[in-house]
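Enquirer:
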Amino acid sequence: MSTENTKNGSLFTPFNIVAGIILAAGIVVTIMRFTMGLGAVTNLSDNNPWGIWIGFDLLCGVALAAGGYTTSAACYIFGFKRFHAAVRPAILTAFLGYALVVFALNYDVGRPWRLPYPIFYQQGTTSILFEVGLCVFIYLTVLFLEYLPAALEWKGGLDKYRGILVKLTMGLTILGVILSTLHQSSLGALYLIVPSKLHPLWYTPYLPVMFFMSSMFAGLSMVVFEGTLSHKYFHHKMDEDYNANYLDLQFAFAKGAAWIMAGYLAMKLLGLSMDNRWHYLFTGYGAWWLFEVVGFVMLPCYCYAVGYRDRNIGLVRLAAPWTVVGIMLNRFDVSLIAFNWQLSSAERYFPSLGEIIISLFVVTVGVLVFRWIVTRMPIFYAHPAYKDSSH
Amino acid sequence: MFNTLQDLMLHNKSLTYVLMAVVLICFIGFWRFLTGREERNRRY
């Protein structure tokens, strides 16, 4: 394993070609969006002002970036020091996830130069959206500071600054957990204002709790899923410490995810019962709700549990992407599918090609930046000069 | 049919309390299932 960049020969690999096409299409749509307005590239309307740029890029992006706070909390707060090697990949994934959430938000909001206004000029302190914005702003800064030691080690000669950041690790981790608790739940609280628009099976006063709980197992699943993919494609970059605890980490996270998912299922049942929504289960939306809850929470939860119990890593690795898809389905349901459910199908929202291209563009940028960083910086291995460091 | 809010709340809460008691008992079973084959000196 080397700290040098790995050259893989030809630039024209299938992955690079597909990524290049998506980037080119994304740049064209970006120019259209910022020169011709939202109407030119989206199907958004007054009835449906929030589309997949919120439902996918923001809600799914934030939920799936929860691996950062869950992994660093497990390592630094709950004392699972053996999983230390997994913290940096998780922090990097979370940092890129949040950075891309903010990046994608510019497409929806427009006028990127106005983005700092809610934080520094006109604080809407009575708005939940302000709290989400403030938390994301601060948490993105926290994640950047948590990621920075790896960049400083790669750059070299900046030990003084690296030392200061390493000393801040515990404080940053605690701050990260607090901020994540706040804004993950607040994203659910955003929908408390639309009881007449969101289908009763998804609308519940417990939405904030459900968003927070689901972010926890989404984060754990994302770490397992991302670890499996990284192991396949960046195996040559991983050191002994990472490889030695890799399976232990996946099993531990499977156990945690199974347990939290069981609690989440109980919360779903609680919401259904407290609001007396049982009769909706026998409608078309009820079938869809059961499809989401049984198919994408209960079954992967069972897979995690059996995988952990039988030490069957294949089952755990199957449950991880399954859960990730389930979280995406849940966020789509809340923000799009079960939203405005009483409108006629002609008035319902379906994303335009431009919106889908931008979402693919954002994900592709994330994957490319992740690849660029992990092939250069000490993410999957400890830098030789700092091998004995606790960070 | 519920004639008053009191009737509705009584129905909902009664059912929810029973359900949550069942859920808590199920949690014990699920935990035993999950950890049933853990080694005695488990590491997590």
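Protein sequence lines correspond, in order, to chains A and B.
Read in order, the letters of the first sequence correspond to residues 35 to 425 in the numbering used here.
Read in order, the letters of the second sequence correspond to residues 3 to 46 in the numbering used here.
A virtual CB, placed ideally from N, CA and C, is assigned to each residue, including glycine.
(1) Write down every uninterrupted run of the alpha helix (DSSP H) in the stretch 252 to 330 of chain A whose length is 4 residues or greater and which is fully enclosed by it, in chain order.
(2) Could you say which of HIS417/A, ALA416/A and VAL401/A lies nearest to LEU130/A if we only look at CA atoms?
(3) DSSP has LEU232/A in a bridge; who is on the other side?
(4) Just the chain A side, please: which residues come within less than 7 angstroms of GLY38/B by C-beta, in chain order?
(5) Quick check: is the beta carbon of ASN279/A nearer than 8 angstroms to any beta carbon in chain B?
(6) Tell me, please, whether the CB atom of MET22/B is closer than 8 angstroms to any CB atom in chain A?
(7) Give the range of the alpha helix (DSSP H) segment to which PHE112/A is assigned.
(8) Under three-state DSSP, which class holds PHE246/A?
(9) Going by C-alpha to C-alpha distance, which of ILE55/A, TRP147/A, VAL327/A and VAL166/A sits closest to TYR132/A?
(10) Using the three-state DSSP reduction, which class does LEU7/B fall into: helix, strand or coil?
(11) Which residue wins for smallest C-alpha separation from LEU304/A, given the options GLY38/B, VAL20/B and GLY31/B?
(12) Going by CA-CA distance only, name the one from VAL408/A, PRO355/A, SER79/A and LEU192/A that's closest to LEU254/A.
(13) Going by other Cβ atoms of all chains shown within 10 Å of its Cβ, with 16 needed for buried, is GLU260/A buried or exposed?
(14) Mind the definition here: the stretch 363 to 379 of chain A touches the stretch 326 to 343 of chain A only if three or more C-beta pairs lie below 8 angstroms; say whether that holds.
(15) With a threshold of 8 angstroms between beta-carbons, can LEU310/A be considered close to chain B, or not?
(16) Establish whether the CB of GLU38/A and some CB of chain B are separated by less than 8 angstroms.
(17) Would you check if the stretch 141 to 154 of chain A and the stretch 100 to 115 of chain A touch, i.e. whether three or more CB-CB distances between them fall below 8 angstroms?
(18) What number of angstroms, rounded off, separates the C-alpha of MET362/A from the C-alpha of CYS94/A?
(19) At a cut of 8 angstroms, does the stretch 166 to 177 of chain A reach the stretch 214 to 221 of chain A through at least three beta carbon pairs?
(20) Cβ of LEU303/A less than 8 angstroms from any chain B Cβ?
(21) May I have the straight-line CA-CA distance separating SER393/A from VAL143/A, to the nearest angstrom?
Expert: Looking at the atomic coordinates:
(1) 274 to 308 and 318 to 327
(2) VAL401/A
(3) PHE373/A
(4) ARG343
(5) no
(6) yes
(7) Unbroken run through PHE112/A: none, as it is neither H nor E.
(8) helix
(9) VAL166/A
(10) helix
(11) VAL20/B
(12) PRO355/A
(13) buried
(14) yes
(15) As written in the sequence, residue 310/A is Asn, which differs from the Leu given in the question. By this cut-off, ASN310/A is an interface position.
(16) Any answer about GLU38/A is weak, because its pLDDT of 43 lies below 50 and its placement is not dependable; what the coordinates show is given next. Judged by the 8 angstroms Cβ criterion, GLU38/A is not in contact with chain B.
(17) no
(18) 6 angstroms
(19) yes
(20) yes
(21) 15 angstroms
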